[in-house]
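The structure appears below as structure tokens.
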Amino acid sequence: MQKTYRIRKGLNIPMKGEAEKVFTRADQAEAYAVKPIDFAGLTPKLSVKEGDKVKAGESLFFDKYRPHIHFTSPVSGEVVSVVRGEKRKLLEVVVKPDANQEYVEFGKANPKELSREQVVEKLTQSGVWPAIKQRPYAIVANPEHTPKAIFISGFDTAPLSPDIDFAVKEEAEAFQAGIDALSKLTSGKIHLNLNPDFPSSSVFSKAKGVQYNYFSGLHPAGNVGIQIHHIDPINKGDIVWTINPLEVIIMGRLFLKGVYDATKVIALAGSEVQKPRYFILKSGASIANIVSENLTQPAENLRFISGNVLTGTRIAANGFLGYYDNMVTVIPEGNHYEMFGWALPGFGKFSVSRSFFSWLMPGRKFKLHTNYNGGERAYVVTGQYEKVLPMNIYPVHLIKAILAKDIDKMENLGIYEIAEEDMALCEYVCTSKTEVQAIVREGIELMVKELG
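Residue numbers for the sequence shown follow the numbering used here, beginning at 569 and rising by one.
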């Protein structure tokens, strides 16, 4: 039975630089990378070394504790760099692509005719499996578990987020094949969550084997964690899986074409992009060729983000698109000081608390930068978090329980329901400048360590 949920708490951040709905097929990037840091909770073990030749779909590294889960190359070429950080932590495996692409053949198949074990084997060997995340904890799903349901959010409400309906055009067959494969992984429902305020793509509206749910309202209405909370909250012992629609399409291609085709549609957005638009490229691509000569000012004055401004990861101007990211955002660096900035009228500044007169101009969009406008200060209860978090939990109390490493209180206060992205707006509105998302991940890692 279809149901519509109206999200009344939250915040839409009005930013300039939304991507124009125009497809541009990007030239092949100079390099591609798969980054273990994209996968929370992963302990990677290399399958290759510098100088090795690989095909698209060939393993670059695997999970030390679940060696059957492989993380594979999106392109064929030469492994040119294995980048490590402190304590030799593996950060990136970089592949320089060949002019002519070669693929590992995994074999075409109709997922409806396969067993669960056969579907799992194809997904884990090809590198598509990491697209499936587990809740609680927002980590790569364990194929040995059977989730009570699978959730797919068919829209995104984050600042400057891409129009998913536009991005999945012409991919109906692959999306349905992906849904058919997912149906083999759970005995429960596959929830496809859409926005009733806009007509959905036929790719979504004509999908078979899904339960439709509708969400409207402010961000984070498009976050799958918020949707799960309202449809079927996660209790202790529950396991559900989530996956992005573009990854469902990549999964479907695996069965239709028999190869790992990591091509996806991403949005290049932000106030510092001259022509913000949609690009067709492969996961892990260097962003250099899509931002080059498409910026309003020199790159050293800009912040490049793989993902959106709330939850994305900072990368270099020639950095690589994250595995789960469907957009690249470019905004000004906040590397400047503005005297009496808080005391000026600020008609060109956005304020959640209406500190500036800009609130008198609804509908205006703003050119926002990365300046904190202050430093970390005493953590006090202000009620700000509750205004932007549409979940029936006490966010400040939960954060304090994490800081105190009180596992019992963390459980009682809702640690199983949240991931970093769900608390991103709390971090944005926080007067204390507290890094809420980092604290949430620390709490999740503690839960995994102590309880498994």
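Note that the Cβ used here is the ideal one computed from N, Cα and C, for glycine as well. Note that the structure is predicted; figures quoted are calculated from it, not measured.
How would you write the range of the alpha helix (DSSP H) that ASN857 sits in, first residue to last?
From DSSP, the alpha helix (DSSP H) with ASN857 extends over 856 to 859.
According to DSSP, simplified to helix, strand and coil, what is LEU610?
In this structure, DSSP gives LEU610 a state outside helix and strand, which the three-state scheme calls coil.
With respect to the beta strand (DSSP E) encompassing VAL771, which residues constitute its N-terminal and C-terminal limits?
Per DSSP, VAL771 lies in no beta strand (DSSP E); the unbroken alpha helix (DSSP H) holding it starts and ends at 770 to 773.
In whole angstroms, what separates the C-alpha of HIS965 from that of GLU979?
Whole-angstrom Cα-Cα distance: 12 Å.
Does THR864 get closer than 8 Å to chain C when you measure Cβ to Cβ?
Within the model displayed, chain C is absent; a lone protein chain is all it includes.
Please check the pair PRO727 and MET583, which I expect to be a contact at CB under 8 Å, by giving their CB distance rounded to whole angstroms.
That pair is a contact at about 5 Å.
How would you label ARG821, buried or exposed, when you count the other beta carbons within 10 angstroms and need 16 or more for buried?
Of the residues assessed, ARG821 falls on the buried side of the cut-off, its CB having 16 or more other CB atoms within 10 angstroms.
Integer-rounded CB distance, given that THR692 should sit under 8 Å from VAL637
The question names Val, yet the displayed sequence has Ile at residue 637. The pair is a contact, with the Cβ atoms about 5 Å apart (cut-off 8 Å).
Residue from GLU586, PRO801 and ALA853 with nearest C-alpha to LYS843
It is GLU586 whose Cα lies nearest to the Cα of LYS843.
Secondary structure of ARG576, DSSP reduced to three states
Correct three-state label for ARG576: coil.
Mapping the DSSP letters down to three states, classify THR714 as helix, strand or coil.
Of the three classes helix, strand and coil, the one that applies to THR714 here is coil, per DSSP.
Per DSSP, the bridge partner or partners of TRP809
According to DSSP, TRP809 bridges with GLN702 and ILE718.
Mind reading off the beta-carbon distance from HIS759 to PHE719? Whole number of angstroms is fine, and I expect it under 8 Å.
Between HIS759 and PHE719, the beta carbon gap of about 5 Å places them in contact (Cβ cut-off 8 Å).
Three-state secondary structure assigned by DSSP to LYS935
In this structure, LYS935 counts as coil in the three-state DSSP scheme.
One or two residues paired with MET895 in a DSSP bridge:
ALA835, per the DSSP bridge assignment.
Enumerate in chain order the residues of its own chain whose CB-to-CB distance from LYS661 is below 6 Å, with the five nearest sequence positions on each side excluded.
Reading off the sequence shown, one finds Val at residue 661, where the question assumed Lys. When the five nearest sequence neighbours on each side are left out, the beta carbons in the same chain lying within less than 6 Å of the beta carbon of VAL661 are those of VAL602, LEU628 and VAL650, in order along the chain.
Coarse secondary structure for VAL867, derived from DSSP in three states
For the record, residue 867 in the displayed sequence is Ala; it is not Val. In the structure shown, ALA867 sits in a helix (DSSP, three-state: H, G or I).
How far does the beta strand (DSSP E) with THR754 in it extend, from its first residue to its last?
Note, THR754: premise wrong, no beta strand (DSSP E); not H, not E.
At the level of alpha carbons, what is the spacing between LYS752 and ILE732?
The straight-line gap separating the alpha-carbon atoms of LYS752 and ILE732 is approximately 25 Å.
Around the Cβ of ASP976, are there at least 16 other Cβ atoms within 10 angstroms (buried) or fewer (exposed)?
Per the 10 Å Cβ criterion, exposed.
Reducing DSSP to helix, strand and coil, say where ALA987 ends up.
If DSSP states are grouped into helix, strand and coil, ALA987 belongs with coil.
Quick one, which of ILE855, PRO866, SER860 and TYR780 has its alpha-carbon nearest ILE873's?
Looking at the Cα atoms, ILE855 is the closest of the given residues.
Output the distance between the C-alpha atoms of PHE888 and PRO665, rounded to the nearest integer angstrom.
Distance between the alpha carbons of PHE888 and PRO665 is about 14 Å.
Which class does VAL696 belong to by DSSP, given the choice of helix, strand or coil?
Here VAL696 sits in coil by DSSP.
Other residues of its chain near ALA1024: CB distance less than 8 Å, five sequence neighbours each side excluded
Given that the chain is displayed from residue 569 to residue 1020, the structure contains no residue 1024 and the question cannot be resolved.
Ranges of the beta strand (DSSP E) found wholly within the segment 579 to 637, counting only runs of at least 3
If we require 3 residues or more, the beta strand (DSSP E) runs fully inside the segment 579 to 637 come out as 588 to 593, 600 to 602, 612 to 614 and 627 to 631.
For the candidate residues ALA599, GLU988, LEU836 and ILE961, whose alpha-carbon lies nearest to that of LEU878?
Residue GLU988 holds the alpha-carbon nearest to the alpha-carbon of LEU878 among ALA599, GLU988, LEU836 and ILE961.
Span of the alpha helix (DSSP H) around ARG1009
Residues 1004 to 1019.
Sequence-distant residues of the same chain with beta carbon closer than 8 Å to PHE630, five excluded per side:
Only PRO612, LYS613, SER615, HIS636, ILE637, HIS638 and PHE639 meet the Cβ criterion.
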